[in-house]
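Heads up: the protein sequence lines correspond to chains A and B, in order.
Numbered per the numbering used here, the first sequence spans residues 30 to 579.
Numbered per the numbering used here, the second sequence spans residues 30 to 579.
In this text, a Cβ means the ideal position worked out from N, Cα and C, and glycines have one as well.
Number of protein chains: 2
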Amino acid sequence: MGSKRPRRGRRARKLTAGMKWWGWGDPERRAELSESAVAAVREELDVGPDDGSEPVSIEQVSLPDGRPIPDAVRAAADDVLDGTDDRIRHAAGRSYPDLVRLRTGQLEYAPDAVLRSADAAGVEAVLDACAAAGVAVVPFGGGTSVVGGLEALSNGHSAVVSLELSRLRSVELDSQSLTARLGPGLSGPEAEAALGALGATLGHFPQSFEEATIGGFAATRSAGQASSGYGRFDELVTALELTSPAGQLRTLQVPHTAAGPSLREVVLGSEGTLGVITDVTCRVRPAPPTRVYEGWIAEDFEAGREIVRDLAQRHEAPDVLRLSDEEETRVSLELAGTEGLQKRALDAYLGLRRRRGGCLMICGWEGEREDVSRRRGISQTRLRLGGAVALGRSAGNSWFRSRYGGPYLRDELMNLGVLVETLETAHTWSRLDELYRAVRNALRGALGERSIVMCHVSHAYADGASLYFTLLTRARPGEELDQWRAAKSAACEAIVGVEGTITHHHAVGRDHAPYMRAEVGELGLEALRAVKERLDPAGIMNPGKLLPAD
Amino acid sequence: MGSKRPRRGRRARKLTAGMKWWGWGDPERRAELSESAVAAVREELDVGPDDGSEPVSIEQVSLPDGRPIPDAVRAAADDVLDGTDDRIRHAAGRSYPDLVRLRTGQLEYAPDAVLRSADAAGVEAVLDACAAAGVAVVPFGGGTSVVGGLEALSNGHSAVVSLELSRLRSVELDSQSLTARLGPGLSGPEAEAALGALGATLGHFPQSFEEATIGGFAATRSAGQASSGYGRFDELVTALELTSPAGQLRTLQVPHTAAGPSLREVVLGSEGTLGVITDVTCRVRPAPPTRVYEGWIAEDFEAGREIVRDLAQRHEAPDVLRLSDEEETRVSLELAGTEGLQKRALDAYLGLRRRRGGCLMICGWEGEREDVSRRRGISQTRLRLGGAVALGRSAGNSWFRSRYGGPYLRDELMNLGVLVETLETAHTWSRLDELYRAVRNALRGALGERSIVMCHVSHAYADGASLYFTLLTRARPGEELDQWRAAKSAACEAIVGVEGTITHHHAVGRDHAPYMRAEVGELGLEALRAVKERLDPAGIMNPGKLLPAD
């Protein structure tokens with residue numbers, strides 16, 4: 030792919046169709062919400078039947094006038110797209126505020142043009158031209174940031190462009206070393222399809238998998254649903270190439286080095302603020318012949334956490350290991366489209382065992398049949414010892430089928446008039462409950478009584494775990510962004526108040542940048558700024574993200 | 030420990046006895062070399078019975094006159110030691126050139142004084158005073174660097190002090206999260222004893238274990254003999270505190286964060302050039318109730334490597350997994366003090382099985398009895414399928430007993446007049462053989478015919494492995510440093526020529542600094558320099574190490 034270098038400066042008519050311009054994923058696909066689910070949501074959140082609204086049409090979207098792009102920048106790009114549609118489609122990620130702005134058609138920011146390069150040399154040419162002309166650059170992969178990572182801020186520059194990486198999609202497998210060199214523009218399914226044809230898998234399946242890209246996974250330190258088994262994306266990466274305004278930085282492709290501070294770990298998580306990740310080498314695994322997923326019910330969230338801790342500290346955690354709190358367990362059984370029947374079956378089953386409620390756990394094992402069987406046996410023993418009850422494989426398979434469905438569901442909830450957002454953090458086992466209570470209380474306080482605040486443990490480590498919160502409340506039309514801001518800051522303040530991390534795998538973007546001082550301290554910020562100033566002296570790379578304003 | 034803060038500026042008389050001032054480890058302990066081993070070494074290397082010499086006495090050592098230490102620096106330290114003995118004992122690490130300089134009593138560099146601080150605040154006070162007065166600082170843990178990491182270079186500053194960290198030895202276990210906060214001055218055995226009393230272990234056992242310190246492990250990205258199982262030291266560290274001239278940098282104590290580039294990974298491997306690591310939080314494990322080590326013989330080095338690769342890619346590598354090449358197998362059987370008998374038994378055994386030579390493998394499993402048994406079974410199956418022959422547990426236990434003995438043996442070989450040095454690198458599986466041949470040929474070329482160049486694989490990954498070379502040749506009196514330099518540069522040039530890493534776990538120090546440009550590129554160097562300039566604006570921290578001169 031991409032071996033022939035096309036002419037520069039060519040002006041393409043239109044991008045291939047991407048996500049819904051106003052929401053998540055495939056424009057032809059919608060989540061199903063049963064009538065009973067809709068009724069339950071309205072009842073719980075005090076949402077009226079006339080609340081909610083559909084998105085405006087794309088013609089109705091208002092966005093800032095496009096500023097002129099210097100000729101030298103145009104000439105350096107392989108494609109230049111400055112039509113309104115393309116600008117809108119690259120103006121936002123997929124956080125709640127992003128979706129509110131898109132759906133209401135009120136874009137405060139948009140790139141002045143969308144550029145594409147055919148390869149790393151093309152990216153270098155664009156960055157050179159932008160640095161010389163004082164044009165800000167927002168690298169764009171799948172457009173799935175949920176932390177404001179794509180906001181087209183120019184921060185004093187004369188224009189801002191979105192640099193779209195969909196043409197960098199090479200795949201090169203080293204089957205002896207089990208590594209793959211991947212282009213940053215490959216989407217999750219594209220990378221898996223190419224590797225799958227060679228018998229390999231990355232094993233990286235975040236909820237955004239269907240739309241997000243390899244470059245984005247690296248730039249944001251993504252973690253996936255099977256990361257307990259395969260490792261987070263930053264653990265899969267063995268080497269990187271960063272194309273920055275100051276030139277190219279490549280780390281050696283070796284399994285490990287003790288040669289000083291890790292520059293690979295400086296590029297990982299850099300969120301486009303240092304340059305564009307133009308090449309990623311990852312460890313891959315043989316595609317697993319066997320996959321088993323099953324559901325369990327823990328007595329309560331604390332008992333479930335102790336089971337997860339036990340498994341993680343034995344280094345015997347399933348590859349997928351998720352534990353919902355009581356609220357999430359209840360709500361997900363009510364909301365899931367076709368699950369009314371399943372909920373009744375579950376109630377009957379639990380009734381037989383004389384317990385009510387509890388916390389849903391999803392456990393999954395992938396690999397050789399014999400190994401899956403052995404590891405599953407160990408987990409089942411520990412689950413039972415921890416007081417959990419098996420729900421069987423249908424509950425696991427139900428999770429598996431819907432595992433990329435959350436963002437589609439969010440679109441439907443927004444149509445009903447619901448504010449829905451997620452956020453995540455992590456802490457050591459000894460402080461996890463403190464973190465859980467602090468964030469939950471802060472969110473409840475900010476959102477009011479008729480709201481839902483629910484949580485699950487999604488990634489387990491020997492020393493701690495992540496917490497993933499989902500919040501739902503009635504959106505007050507015209508005040509959605511204020512509502513969101515109040516909830517978000519309450520949660521962030523609660524997190525930094527107990528020394529948790531501001532983000533376990535969604536990254537920093539613009540939304541978390543004000544909390545980076547609490548995260549890394551003033552001197553930590555200084556160290557990060559020092560690197561940025563060296564690699565991006567003109568400050569054109571993704572301004573306003575990651576680092577707080579001075 | 031260290032909870033009471035002592036007066037500053039006090040002048041202690043003497044440090045507690047440390048290593049042999051001229052060699053490795055306990056001054057009362059020597060390696061045994063049998064008469065036959067001595068004869069074999071002399072024969073192979075063409076070393077005469079009159080070659081070699083004992084070290085001079087410490088009174089005969091010549092070192093630069095001590096330059097005055099400003100009063101403000103003295104006042105900031107808790108202990109100031111400026112006697113000749115203390116200066117000599119902190120003038121060098123334990124590389125071959127270090128040992129040559131010590132043994133011949135010709136020290137080109139020595140710190141002008143040795144300072145100690147009682148805690149992190151004391152370290153901060155010393156760094157502040159040194160930065161203000163323009164005094165260079167070499168952080169000093171166990172003094173075991175083998176890459177010139179402790180050379181007392183002042184690089185234009187008015188004086189240079191060694192900042193000895195032996196008073197920072199606190200231990201604090203979080204038994205719920207299985208993490209421990211450790212003072213940087215704890216030696217390996219001290220840390221293990223403190224954790225062992227609480228039922229835990231770090232599982233970090235490099236050959237330098239008995240003398241090296243926690244701070245040094247972190248500052249150099251140490252890897253230990255059981256790191257295939259427990260993880261390298263940089264993988265064990267979850268949080269750090271760096272006390273730099275510009276202030277303190279602390280990373281959050283959380284299991285993982287996606288909040289930007291990893292500052293933890295910037296401090297790891299910083300080798301004292303950014304500041305002093307004053308606090309290290311590590312993952313620990315329950316102390317293993319069962320440990321089994323055993324020896325195997327692979328048909329040849331290539332067959333052995335394929336077995337190691339197979340086990341690593343199945344994620345079923347033993348916790349200890351070492352594979353010697355043919356030369357190392359032969360030499361280690363000849364050299365090992367009491368092993369004459371064992372070699373004859375081995376020869377007889379292999380004779381029965383109709384094979385000669387082969388490559389020694391050491392495999393070790395640690396953990397719960399049942400788990401050790403299962404994992405050992407898997408390894409044994411793969412070893413046999415790969416054509417390896419079991420030597421049984423006595424060979425494994427023999428390795429285990431002597432596993433910290435190498436540096437003692439080196440002292441004895443130097444007494445005989447042998448130049449002996451080690452160096453290590455790593456590469457992906459697909460280029461490991463290329464790296465092996467390149468380095469071996471380069472060393473053979475540099476050392477000449479009557480030399481020994483031998484190698485083992487010491488750390489295995491799914492995507493590659495490390496290679497650890499040992500070289501022996503007759504030392505030409507008065508020319509040892511030139512001989513060493515020729516061999517070292519030949520090896521380093523060969524490594525960078527095939528894009529291997531200049532160091533897998535010995536770090537960069539002064540010896541590898543010239544090769545950092547090949548390792549990380551010009552822009553990588555610039556990024557590292559940018560961080561250093563921000564954290565150490567006066568450039569006082571360990572000058573001349575890690576980064577090459579501009």
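Your pair Ala101(A) and Ala158(A) checks out as a contact, with CB atoms roughly 5 Å apart and the cut at 8 Å. At a cut-off of 9 Å between beta carbons, Met570(B) makes no contact with chain A.
Ranking Phe498(A), Ala268(A), Glu555(A) by CA distance to the CA of Val360(A) puts Phe498(A) first. Inclusion of Leu557(A) and Pro577(B) in the CB contact set at 9 Å is not warranted, their separation being larger than that value. For the set Gly550(B), Leu476(B), Ile531(B), Asp107(B), the Cα lying nearest the Cα of Ala515(B) is the one of Leu476(B). Counting only runs that start and end inside the segment 398-478 of chain B, the alpha helix (DSSP H) elements of at least 4 residues fall at 398-414, 422-430, 435-445, 458-476.
Around the C-beta of Asp55(A), fewer than 16 other C-beta atoms lie within 10 Å, and the residue is accordingly described as exposed. One Cα belongs to Gly493(B), the other to Pro99(A), and the distance between them is close to 47 Å. In this structure, the straight-line span from the alpha carbon of Gly245(B) to that of Leu303(B) is close to 14 Å. Looking only at Asp462(B), Gly415(B), Ala255(B), Trp51(B), the smallest Cα-Cα distance to Trp428(B) is reached by Ala255(B).
Residue pairing by DSSP places Tyr138(A) in no beta bridge whatsoever.
Annotated three-state conformation of Thr249(A) is helix, per DSSP. Listed along the chain, the chain B residues whose CB falls inside 7 Å of the CB of Val537(A) are Ala288, Gly289. Apart from the 5 residues on each side of it in sequence, Ser353(A) sits with its Cβ closer than 6 Å to the Cβ of Cys388, Leu389, His485 in its chain, given in chain order. Val167(B) does not reach chain A, its nearest Cβ partner there being about 17 Å away, counting only Cβ pairs nearer than 9 Å.
For the 9 Å CB-CB criterion, Gly425(B) and Val321(B) form a contact. Spanning the alpha carbons of Thr530(A) and Arg116(B) requires a straight line of approximately 44 Å. Neighbours of His541(A) in chain B, taken as residues whose beta carbon is under 8 Å from its own, are Ala288 in chain order. Less than 9 Å divides the Cβ of Val109(B) from the Cβ of Ala142(B). Between Leu501(B) and Leu448(B), the C-beta gap is smaller than 9 Å, which places the two residues in contact.
Along the segment 197-226 of chain A, going in chain order, the ones with a CB nearer than 8 Å to a CB of chain B are Asp203, Gln205, Ser206, Leu207, Thr208.
Taken through DSSP and simplified to helix, strand or coil, Ser191(A) comes out as strand. Under the 10 Å beta carbon count, Leu414(B) is surrounded by fewer than 16 other beta carbons and is classified as exposed.
Within 10 angstroms of the beta-carbon of Gly228(A) lie fewer than 16 other beta-carbons, which makes it exposed. Residue-level contact by beta carbon holds for Glu528(B) and chain A, with a gap shorter than 9 Å.
Separation of His533(B) and Glu221(B) (C-alpha to C-alpha, rounded to the nearest whole angstrom) is 24 Å. Using a Cβ-Cβ cut-off of 9 Å, His233(B) does not count as an interface residue toward chain A, since no Cβ of chain A sits closer than that to its own. Counting C-beta atoms within 10 angstroms of its own C-beta, Gln512(B) has 16 or more neighbours from the protein chains shown and is therefore classed as buried. For Gln89(A), the three-state secondary structure derived from DSSP is helix. Short of 6 Å from the beta carbon of Gly52(A), and not among the five residues preceding or following it, lie these beta carbons of its own chain, in chain order: Asp440.
Here Arg473(A) has Ser480, Val482 as same chain residues with Cβ atoms under 8 Å from its own Cβ, once five neighbours each way along the sequence are excluded.
Around the beta carbon of Ser216(B), 16 or more other beta carbons lie within 10 angstroms, which makes this residue buried. Using a CB distance cut-off of 9 Å, Ala150(B) does not count as an interface residue toward chain A. For the segment 448-463 of chain B, residues whose beta-carbon sits nearer than 7 Å to a beta-carbon of chain A comprise Ala455, His456, Thr457, Trp458, Ser459. In chain order, Pro290, Ser291, Glu294 make up the part of chain A whose C-beta sits under 7 Å from the C-beta of Glu294(B). Taken in chain order, the whole alpha helix (DSSP H) runs of length 4 or more contained in the segment 148-209 of chain B are 149-162.
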